[in-house]
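Residue numbers (mature numbering (1 follows the signal peptide of the UniProt record, and there is no 0)): -27 to -1, 1 to 1029. No residue lacks a Cβ here, since even glycine has one placed at the ideal position from N, Cα and C. Before any comments, here is the structure.
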């Protein structure tokens, strides 16, 4: 009995022990409280099952550190995780993998809230769907803050890598830095669901990642909704990365009421809210001709069976006819199948060849881009130098024209002709270099388009890209040849220029000394700049020879393959069509024979044969439609109603950050256009050749009631206060108040740099700078209506306008403040643009109130010292300027500005400099020095009185300074060569008051007021300063004589 009891006790203990080893069972309504890292480790072990956490609530009871615990990740979680305001720190994931974070997956129904998480997530391997909190989220995340660092390849977000279509991220904050290649965001790498009321404070891709594409302060890629979110952090790196935005890098979903004041940088397609705004596309399809043909053939088969039964007993030849008809129908099906098979085979073979060629070009593009960038950068300064020296030579020749004697006029004319030739060659050089840069960009764009089209065997798409980017006209070798020709001609012209200048100086003699020196100097500088240009072009030719050979040879291959493919396709298509038509004719003849044999009296037979003829006609029409190119219809939704719901909209967003990039730069959106991607699912391809049926595409990309207050700068082209470049879409009721510039290029506008969409009811107040195509609303536009412009245009090229530099669509009802720029390309067209005085402009309906309020803001660093309102064209008395705040004992002053005619709001910055401790009366060896604390603008003036006072020389001096001066300063008077006792006095109320003075080397040192009359005399040598002045004058005279003698020797040597 005792043994049974012992055995029972042992069994009970074993069961208890085993139960202790099991993870806690999740059940509906279970609550788990976690106090330490071991609790999280147990939770992670339990969550390897994707159903265990359903209905489970986890509550943190303390801050937890995961450092050194061996914790990896929680695989799947579908319950509620309440951080209760606590922090999890020390989380790290550095292993290989994707879909990584504290949680790998947050499933539908999961809730994570009230948590702060600090971690470092930097996986190796595939590195996609990476986040500090979760790799992917399909549940709800709210009131979560993350800090630390996250790095990955694709879909990299500080909170979550991917926020799925059912995912919600609400009221969260990021303070972590984010680095990724594709789809990188401060909250989510890719958002398909809802992100609401979130704030990003962490930098995104600010380390100069060349591969960075789709970088956003909130989401890298957005196809869902981002609402009421804010970005305060920098996004992107200067001149690096594509599709960079303060809120989203690329998007075709909805961005609503978002705000950015972080600095946004990149290379191309960069915006304060979104880098690239893809249109949302809705497709509707017409009837498929293949289905129509199948239906017609099926009906024919049924009717033929019916006809067979009707005429079986009366038509002796019917069996043969029906058999022939069935044979023709089978042949038709074979032809159709063969056509599809041949098409696929031909397309696949051609696509493979093109893909290989494009990949080869792509491999050469990196080196070619580097060489072109290097050539452009190095040659730019030299070309500017050439232009400057040609201008100097032209100016010098113009100044000489009036002084040349008749005998020298021929030489002057010859010089002028040589300068004309040099200027023509210089213009040609600039043009050729610009074309090289342009053709490189076109080739790069073609490679992008062609690779994604070839990946899905879309030869028509490749052909369209080839034509769209005009690859056939790209001729780098031709440009290099012409550049060499220009440089050779300029070298020859420069040689002749030197000869003609030498002849001119020999004939003119010495009377043209200054002009001679200036023009000789300009000629030498010109020759030096041309030598440098020659070197740069040779370097480019040598450095890019292999890349250019690859590009040229592979481009020829692509053109040959495409032409051969189209020729083959056309020949085979016509053969198939002729064959089909022959079979249909056979069927029609057989039916006619059967009808004649059966007689016309049989009504049922007549009805059947009539139906057969009808179906034959339907089949023929369907076959013809198969050979026709399906029609493509593209429509756009550009209405304000379209901005009220659904995807394809950016509504109520505001930017206050500075936006800088090379191309396509906007205060709200960098570019509005379909994305050219290697992923076919991410592309909109609407070429008619790719469609099987008639297709209608409705595009929606609307910027509505957005506001920009930040500066927008494009290094090359396409800068706009709201939109950099728009191929489609609309900007409606948007405003911009910030400077817009295209530093080295064109297409800049207060609202859009270049727009082929709709600009309606927009208002811009901006200073627009660049070369050509500059406008108050658009640098170049299409449809512009009911817009208001208050802009100043500063451009050196063509197509400059107060409303638009150029517009080729429907333009109506636009007004602008009459200042300097005019209308469209300098012309006002009735009903399109009209200038208004400030009074009339102020009365316009819908003009933003900020446009009519002009403030001068005095600011020292981040501190706003004072803000003063002034009327349009008003002035501000310097006496009313606020006092400059002190800054560590340095001298401070307000930066200079035009305070007499203020027509825009402006910010005046405090400028600080070290105090000047010594000022002088001037000269190489000053006669009088003053020591103290002076501003950089302080001046010391000295003048000798014509008559002595009480036998002493009298000198009036005065120190002037914008800063407050002390009562007395230390004066130093030059006393070189004087002996004996020197006496000093100040003239006060007409009497000499002696003052103490000491010798310090060659100077006499004394203390005196900042202004007065100084009396000086020396025993045994008379008064002091006359000797000093005489000595200084003698030194100056000797120096002039020496220089004159040296110049004569130089001229004599030059004439030998």
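N-terminal and C-terminal residue of the alpha helix (DSSP H) that residue i is part of
i           : result
residue 17  : 10 to 19
residue 150 : It is not in any alpha helix (DSSP H) - residue 150 instead sits in the beta strand (DSSP E) that spans 150 to 152.
residue 812 : 811 to 815
Which listed residue (the options) has its alpha carbon closest to that of residue i
i           : options            : result
residue 861 : 885, 852, 900, 838 : 885
residue 177 : 166, 183, 190, 169 : 190
residue 794 : 781, 740, 847, 845 : 740
residue 118 : 186, 208, 111, 85  : 85
residue 164 : 256, 193, 112, 180 : 193
residue 985 : 917, 947, 973      : 917
residue 466 : 454, 388, 448      : 388
residue 443 : 40, 449, 453, 416  : 416
residue 711 : 769, 639, 357      : 639
residue 31  : 749, 13, 759       : 13
Span separating the alpha-carbon of residue i from that of residue j
i            : j           : result
residue 994  : residue 976 : Only weak support is given to the placement of residue 994: the predicted model assigns it a pLDDT of 46, under 50, and the value that follows is read from those uncertain coordinates. One C-alpha to the other measures close to 16 angstroms.
residue 587  : residue 668 : 27 angstroms
residue -6   : residue 681 : Since pLDDT at residue -6 reaches only 39, below the 50 mark, its modelled position is unreliable, and no value is offered.
residue 738  : residue 173 : 29 angstroms
residue 217  : residue 196 : 16 angstroms
residue 182  : residue 219 : 17 angstroms
residue 222  : residue 732 : 23 angstroms
residue 957  : residue 940 : 19 angstroms
residue 692  : residue 718 : 10 angstroms
residue 212  : residue 129 : 21 angstroms
residue 900  : residue 746 : 57 angstroms
residue 435  : residue 423 : 5 angstroms
residue 656  : residue 171 : A caution first: residue 656 carries a pLDDT of 33, below 50, which makes its placement in the model unreliable, though a value can still be read off. If you take the alpha carbons of residue 656 and residue 171, they lie about 29 angstroms apart.
residue 543  : residue 606 : The pLDDT assigned to residue 543 is 48, lower than 50, so where the model puts this residue is not dependable; a value taken from the coordinates is nonetheless given after this. If you take the alpha carbons of residue 543 and residue 606, they lie about 24 angstroms apart.
residue 351  : residue 509 : 7 angstroms
residue 641  : residue 807 : 27 angstroms
residue 347  : residue 157 : 29 angstroms
residue 989  : residue 925 : 6 angstroms
residue 842  : residue 6   : 60 angstroms
residue 613  : residue 632 : 27 angstroms
residue 386  : residue 863 : 58 angstroms
residue 700  : residue 726 : 11 angstroms
residue 852  : residue 765 : 29 angstroms
residue 912  : residue 892 : 7 angstroms
residue 756  : residue 674 : 15 angstroms
residue 409  : residue 89  : 53 angstroms
residue 1083 : residue 359 : There is no way to answer for residue 1083, as the model of the chain reaches only from -27 to 1029.
Endpoints, the beta strand (DSSP E) within which residue i is located
i           : result
residue 967 : 964 to 968
residue 982 : 976 to 982
residue 145 : Looking at the DSSP string, residue 145 is not in any beta strand (DSSP E), and its letter there is neither H nor E.
residue 201 : Run containing residue 201: none; DSSP gives neither H nor E here.
residue 838 : 836 to 843
residue 670 : 668 to 673
residue 210 : From DSSP, residue 210 is part of no beta strand (DSSP E); its letter is neither H nor E.
residue 165 : Neither: residue 165 is in no beta strand (DSSP E) and is coded neither H nor E.
residue 110 : 107 to 110
residue 924 : Note, residue 924: premise wrong, no beta strand (DSSP E); not H, not E.
residue 132 : Element bounds for residue 132: n/a, residue is neither H nor E.
Check whether the region 619 to 626 touches the region 674 to 689, counting contact only when three or more Cβ pairs, one atom from each stretch, lie closer than 8 angstroms.
yes
Is it the case that the region 816 to 826 contacts the region 857 to 874, given that we only count it when at least three CB pairs across the two stretches are under 8 angstroms?
no
Under 8 angstroms, with one C-beta from each stretch per pair, do the region 413 to 428 and the region 465 to 475 reach the 3-pair mark?
no
Curious, which full-length beta strand (DSSP E) runs of at least 3 residues does the region 30 to 74 contain?
30 to 33, 47 to 50, 53 to 66
Can we say the region 882 to 899 touches the region 962 to 974, given the rule of at least three CB pairs closer than 8 angstroms?
no
Let me know the beta strand (DSSP E) ranges lying completely inside the region 705 to 783, each 3 residues or longer, listed in chain order.
708 to 710, 713 to 715, 725 to 728, 731 to 733, 736 to 743, 751 to 754, 756 to 758, 761 to 768, 777 to 780
Please go through the region 788 to 834 and give each complete beta strand (DSSP E) segment of 3 or more residues, from N-terminal end onward.
806 to 809, 827 to 833
Counting Cβ pairs, one atom from each stretch, are 3 or more of them under 8 angstroms apart for the region 74 to 88 and the region 108 to 116?
yes
Cβ contact check for the region 240 to 248 and the region 606 to 615: 3 or more pairs under 8 angstroms
no
Using a Cβ distance threshold of 8 angstroms, determine whether the region 783 to 792 contacts the region 827 to 843, with at least three qualifying pairs required.
no
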